[in-house]
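Engineer: For the sequence shown, this note's numbering assigns the number 10 to the initial residue and increments by one for each residue that follows. One structure follows; several queries about it will come next.
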Amino acid sequence: MFRTIDSLDVKGKRVLVRADLNVPAKDGKVTDTTRIDRSADTIKQLSAKGAKVIILTHFGRPKGVDPQYSQKLLLGPLEKAVGRKVAWADDCVGPEAEKVIATLKDGDVALLENVRFHPEEEKNDPAFAKKLAANGDVYVNDAFSTAHRAHASTEGLAHLLPAAAGRLMQAELEALGKALQHPEKPVAAIVGGAKVSTKLELLGNLVEKVDYLVIGGGMANTFLFAQGKAVGKSLCEKEMAGTAREIIEKAKAAKCSIVLPVDAVVAGEFAENAPSKVVPIDKVPDDQMILDAGPASAEAIIDRLGGCKTLVWNGPLGAFEIKPFDAATNAVAQWAAERTKQGKLLTVAGGGDTVSALDKAGAGDKFSYVSTAGGAFLEWLEGKVLPGVAALEIKPNHPGCGCGGKGH
Ligand code: 3PG
Ligand code: MG
């Protein structure tokens with residue numbers, strides 16, 4: 010259980026909002042404003058309630074103060090997203106921050122410089138958290154996509170001020186809850202990507218939660234190899250074959266069907282428009298590599314998903330970045346989008362690559378929910394407790410006693 014901004018009395022108060030405005034940028038310009046745009050609701054609503062909204066965020070992974078990672082470039086896109094002027098402070102703590110915050114009137118918004126300019130941030134240093142807390146009366150965490158980090162601005166602060174989840178945090182938790190914690194069944198997951206080794210825990214957790222686990226991308230090759238199939242020159246972690254077999258056994262015990270490709274698009278090299286052909290999965294030539302699931306696989310996946318009510322998607326089915334190896338991902342994504350539109354399937358997707366693959370297929374905006382999170386989404390799929398979320402939990406025996414619901 011956590012508080013939301015509905016229950017906060019913020020008029021005239023300084024509200025520290027931890028957002029995740031860690032957006033891609035090139036040559037000093039933001040190239041994708043999604044995270045900024047999706048953080049706007051919380052900021053606008055708090056401002057409308059008369060709060061002095063003070064935004065904390067990180068940008069990149071600076072080691073101490075580094076002008077390359079100044080957040081000033083976020084100001085323009087942020088002002089556009091929230092529809093008002095945003096004040097700027099050169100530091101997130103200390104006199105610089107205090108000076109700017111002192112000038113704020115009710116409803117005003119300020120953006121403070123990168124919290125990661127202070128190495129104490131990532132150490133979740135209590136003294137640094139106190140310095141941050143000194144500039145606020147209330148704390149709102151809207152940064153689900155950074156909730157897997159136990160940093161001062163994402164975790165420590167929640168214990169020092171009355172704390173609540175922002176709208177984006179709320180939306181992410183609600184969507185993810187519907188997808189895995191209390192889904193309408195049957196529920197399926199599509200997991201793709203290059204390597205089994207990076208998604209081991211995730212696969213292990215999912216087989217216990219879902220009815221169908223569709224495995225695609227490079228990691229499917231490892232599973233095929235583990236079943237004794239020849240995979241030619243394909244990307245394959247042969248040393249992970251034993252682990253793949255363990256996952257298959259675990260799935261059997263949990264009554265989860267693992268869905269693997271039955272055919273493949275193969276080519277001699279990983280290159281755009283490389284000459285390719287479709288082969289049955291047990292006929293992959295020695296000198297060829299699997300670069301996508303074949304059309305019969307896409308059809309079989311759709312067939313299995315046809316009876317499902319819920320779908321969680323992480324990772325593409327093939328080398329979607331280059332044509333024609335995006336076909337299976339596109340076909341299944343477009344089908345899932347259509348099914349969502351018909352109200353027959355709840356679709357939740359997340360993870361950097363996944364979002365660009367779905368967008369490329371023209372399906373991303375038609376899914377029920379697309380998470381803004383990369384790493385945090387993966388950790389959540391692994392079944393891990395995200396420290397930023399856990400810190401917002403209210404202890405029911407401490408209602409409104411002034412401890413922020415945290416207990417003593
Ligand atoms: C992200 O983009 O994954 C989040 O903003 C967290 O950033 P980090 O991976 O640098 O901690
Ligand atoms: Mg990350």
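Glycine included, each C-beta is placed from N, C-alpha and C at the ideal position.
Determine the DSSP secondary structure at N214, reduced to helix, strand or coil.
Structural biologist: helix
Engineer: When you compare only the Cα positions, how much space is there between C410 and I331?
Structural biologist: At C410, the pLDDT of 46 sits below 50, so the modelled position is not reliable; the number obtained from the coordinates is stated separately. Looking at the two C-alpha atoms, the distance is approximately 57 Å.
Engineer: Measure the C-alpha to C-alpha separation of I14 and D115 and round it to an integer number of angstroms.
Structural biologist: 16 Å
Engineer: Tell me whether T155 counts as near ligand 1, meaning its Cβ is closer than 7 Å to at least one heavy atom of that ligand.
Structural biologist: yes
Engineer: Which residue marks the beginning of the alpha helix (DSSP H) containing M178, and which one marks its end?
Structural biologist: 176-185
Engineer: Helix, strand or coil for R313 per DSSP?
Structural biologist: helix
Engineer: Measuring alpha carbon to alpha carbon, tell me which residue in L355, I267, V26 is nearest H191.
Structural biologist: When only C-alpha atoms are compared, the closest one is L355.
Engineer: Which whole runs of the beta strand (DSSP E) in the segment 117-198 are 3 residues long or more, in chain order?
Structural biologist: 118-121, 147-150, 172-174
Engineer: Counting only runs of 4+ residues fully inside the segment 212-264, write out the alpha helix (DSSP H) ranges in chain order.
Structural biologist: 226-235, 250-262
Engineer: Find the nearest neighbour of K72 within the set K132, I45, A98, judged by alpha-carbon distance.
Structural biologist: Minimum Cα distance to K72 is reached at K132.
Engineer: Is there at least one non-hydrogen atom of ligand 2 closer than 7 Å to the beta-carbon of G397?
Structural biologist: no
Engineer: Using a Cβ distance threshold of 8 Å, determine whether the segment 390-406 contacts the segment 156-171, with at least three qualifying pairs required.
Structural biologist: yes
Engineer: Does the structure place the segment 271-278 close enough to the segment 303-319 that three or more beta carbon pairs sit under 8 Å?
Structural biologist: yes
Engineer: Should D75 be listed as close to ligand 1, given that the test is whether its C-beta is under 7 Å from any heavy atom?
Structural biologist: no
Engineer: Indicate whether L215 and A229 have their beta-carbon atoms separated by less than 8 Å.
Structural biologist: L215 places its beta carbon 8 Å or farther from that of A229.
Engineer: Just the Cα atoms here: how many angstroms apart are T207 and G361?
Structural biologist: Cα to Cα, T207 sits roughly 14 Å from G361.
Engineer: Contact defined as beta carbons within less than 8 Å: I believe G324 pairs with G201. What is the distance between those atoms, to the nearest angstrom?
Structural biologist: With a contact defined as Cβ atoms closer than 8 Å, G324 and G201 qualify at about 3 Å.
Engineer: Determine, using beta-carbon pairs with one atom in the segment 253-261 and one in the segment 230-237, whether at least three such pairs fall under 8 Å.
Structural biologist: yes
Engineer: So, helix, strand or coil for L83, using DSSP?
Structural biologist: L83 sits in a helix when the DSSP states are folded into three classes.
Engineer: When the Cα of E181 is compared with those of T349, S266, T155, A203, which residue comes out closest?
Structural biologist: E181 has its Cα closest to that of T155, out of T349, S266, T155, A203.
Engineer: So for V271, helix, strand or coil by DSSP?
Structural biologist: coil
Engineer: Quick one: grab the DSSP three-state call for E334.
Structural biologist: According to the sequence shown, residue 334 is Phe rather than Glu. Collapsing the DSSP output to three states places F334 in coil.
Engineer: Under 7 Å Cβ to Cβ from K204, same chain only, skipping five residues before and after it: list those, please.
Structural biologist: Correct list, in chain order: G227, M228, E246.
Engineer: Using the rule of at least 16 other Cβ atoms within 10 Å of the residue's Cβ for burial, across every protein chain shown, is M10 buried or exposed?
Structural biologist: Burial check for M10: the Cβ neighbour count within 10 Å stays below 16, so the residue is exposed.
Engineer: Over what stretch of residues does the beta strand (DSSP E) that includes D75 continue unbroken?
Structural biologist: Careful: D75 lies outside any beta strand (DSSP E) and carries neither H nor E.
Engineer: Name the two residues that bound the continuous beta strand (DSSP E) containing T356.
Structural biologist: 355-358
Engineer: Select from A346, V124, E391 the residue whose C-alpha is nearest the C-alpha of R368.
Structural biologist: Before going further, note that residue 368 is Asp rather than Arg in the sequence given. Of A346, V124, E391, the residue nearest in Cα terms is A346.
Engineer: Restricting to Cα atoms, I'd like to know which of P289, K318, F329 is closest to E281.
Structural biologist: F329
Engineer: When DSSP labels each residue in this structure, what does G409 get in the three-state scheme?
Structural biologist: Because G409 sits at a pLDDT of 49, beneath the cut-off of 50, its placement in the model cannot be relied upon, and the point is left open.
Engineer: Is there contact between the segment 170-184 and the segment 46-58, where contact requires at least three CB pairs shorter than 8 Å?
Structural biologist: yes
Engineer: For V118 and V124, what's the separation of their Cα atoms in angstroms?
Structural biologist: 17 Å
Engineer: Relative to the C-alpha of S97, which candidate in E129, I63, Y78, R70 has its C-alpha closest?
Structural biologist: Note on identity: in this sequence residue 97 is Trp, with Ser being the wrong assignment. Per the C-alpha coordinates, the member of E129, I63, Y78, R70 positioned closest to W97 is I63.
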